[in-house]
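Chains as they are written, first to last, in this note's numbering: chain A, 1 to 203; chain B, 1 to 101.
Right, dumping it as structure tokens:
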């Protein structure tokens, strides 16, 4: 799963901030600095902001270092069905707590250094084994320093989702199945059965 | 009651935000009930806002910020002053900047 950041929809107005003295022969200021009222836009908000993975990581680290959780929309289906495309997550700092088996955490990948949000499926001697619930393979073992926060809340279409990420038997079972390559086949079967049951219910 | 913003005002970054310069953009996340809400509220500054923001060090008055920017950009202090004060008023109104007492 990756973060998606919202921001404004309107176009950025380039003002004198982009024009140093040496550059001014080539440009004219389109900004409100020439306006008689002084009312101009300096800031963008709402809408969508496309940040690179490393920028998302930096933003998340900035918040978590201050002990502040981040509430943000995520994109992707690597954690389907427990986290879905466009779900809203709250990612909180671990605050020296040890990551728990079955928990969903934000971490820095071994090979790429990129941000990912996956589940801890096993405790190993040197760290924790990570895997997306919908991924064919595990990500590998990461050490504590690579885990930067954990998911404490999932919101979907205005509802809070409580299953599958909080410490307890449910998330532990998911991790256990995932570590044994049983989660994907069981989920596939369960989703097919659910579809059949729904179709039967409509008849 | 909000403090008046003048050229004698010193503005500081609010404690209710987290701001980072990332890939050339100033990204500001307001804290809502102690949570950085990047879903409903996330701000970025345009180039003018960024230029002003980078001069705010919690020590310079807005008048001094105007002088510094006037030295750097080929616009009059009056033109730049309108933007600096306009920016400060907007940021204070949004709770992104606070007026230093």
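Just so it is clear, CB atoms sit at the ideal spot from N, CA and C, and this is done for glycine as well.
Could you check where the beta strand (DSSP E) with residue 125 of chain A kicks off and where it finishes?
Looking up residue 125 of chain A in the first chain gives position 125. Residue 125 of chain A -> no beta strand (DSSP E), and no H or E assigned at all.
Using a Cβ-Cβ distance cut-off of 7 Å, determine whether residue 160 of chain A contacts chain B.
By one-based count along the first chain, residue 160 of chain A stands at place 160. Cβ-Cβ to chain B under 7 Å: no for residue 160 of chain A.
From the DSSP output, read off the bridge partner residues of residue 145 of chain A.
Numbered from 1 along the first chain, position 145 holds the residue referred to as residue 145 of chain A. Paired residue(s): none; residue 145 of chain A is not in a bridge.
Suppose the cutoff is 6 Å on Cβ atoms and the five residues either side in sequence are ignored; what does the same chain contact list for residue 108 of chain A look like?
For this step, residue 108 of chain A is matched to residue 108 along the first chain. Cβ within range, chain order: 146.
Do residue 48 of chain B and residue 42 of chain A have their beta-carbon atoms positioned less than 7 Å apart in this structure?
As a working mapping, residue 42 of chain A is identified with position 42 in the first chain. As a working mapping, residue 48 of chain B is identified with position 48 in the second chain. Yes, they are a contact pair.
Please name the residue or residues paired with residue 152 of chain A in a DSSP beta bridge.
Reading the first chain from its first residue, position 152 is the one you call residue 152 of chain A. Its beta-bridge partners do not exist; DSSP assigns none.
Any idea which residues DSSP pairs residue 11 of chain B with across the strands?
Stepping through the second chain from its first residue, residue 11 of chain B is reached at position 11. Beta-bridge pairing links residue 11 of chain B to B/99.
Determine the contact status of residue 44 of chain B and residue 25 of chain B, defining contact as a CB-CB distance below 7 Å.
Mapped onto the second chain, residue 44 of chain B falls at position 44. Mapped onto the second chain, residue 25 of chain B falls at position 25. Closer than 7 Å, so yes.
At the level of alpha carbons, what is the spacing between residue 89 of chain A and residue 35 of chain B?
For this step, residue 89 of chain A is matched to residue 89 along the first chain. For this step, residue 35 of chain B is matched to residue 35 along the second chain. Taking the straight line from one Cα to the other gives about 11 Å.
Count the other CB atoms, across all protein chains shown, that sit within 10 Å of the CB of residue 62 of chain B; report buried if there are 16 or more and exposed otherwise.
Locating residue 62 of chain B in the second chain gives position 62, counting from the first residue. Answer is buried; the Cβ neighbour count reaches 16.
Buried or exposed: where does residue 111 of chain A fall if 16 or more other Cβ atoms within 10 Å of its Cβ makes it buried?
In the first chain, residue 111 of chain A corresponds to position 111, counting from 1. It counts as exposed.
Is the beta carbon of residue 52 of chain B sitting closer than 7 Å to the one on residue 87 of chain B?
As a position in the second chain, residue 52 of chain B is number 52, starting the count at 1. As a position in the second chain, residue 87 of chain B is number 87, starting the count at 1. Their beta carbons are under 7 Å apart, which means residue 52 of chain B touches residue 87 of chain B by this criterion.
Across the region 76-95 of chain A and the region 155-171 of chain A, are there enough close Cβ pairs to call them in contact, namely three or more that are closer than 8 Å?
With the cut-off at 8 Å, the region 76-95 of chain A and the region 155-171 of chain A touch.
Could you check what DSSP says for residue 74 of chain B in three-state terms: helix, strand or coil?
On the second chain, position 74 is the one that residue 74 of chain B refers to. Coil.
Taking a contact to mean a Cβ-Cβ separation below 7 Å, would you say residue 70 of chain A touches residue 61 of chain A in this structure?
As a first step, residue 70 of chain A must be located in the first chain, where it is residue number 70. As a first step, residue 61 of chain A must be located in the first chain, where it is residue number 61. Result no, Cβ atoms of residue 70 of chain A and residue 61 of chain A do not sit closer than 7 Å.
Return the Cβ separation of residue 143 of chain A and residue 130 of chain A in integer angstroms, given the expectation that the two are a contact with Cβ distance under 8 Å.
For the purposes of this step, residue 143 of chain A is taken as residue 143 along the first chain, with counting starting at 1. For the purposes of this step, residue 130 of chain A is taken as residue 130 along the first chain, with counting starting at 1. Actually they are not in contact, since the Cβ atoms of residue 143 of chain A and residue 130 of chain A sit about 11 Å apart, beyond 8 Å.
Would you say residue 9 of chain B lies against chain A (beta-carbon separation less than 7 Å)?
Along the second chain, one-based indexing puts residue 9 of chain B at 9. Not one chain A Cβ lies under 7 Å of residue 9 of chain B.
Quick one: give me the first and last residue of the beta strand (DSSP E) that residue 17 of chain B is part of.
Within the second chain, the letter at position 17 stands for residue 17 of chain B. Element bounds for residue 17 of chain B: 17-22.
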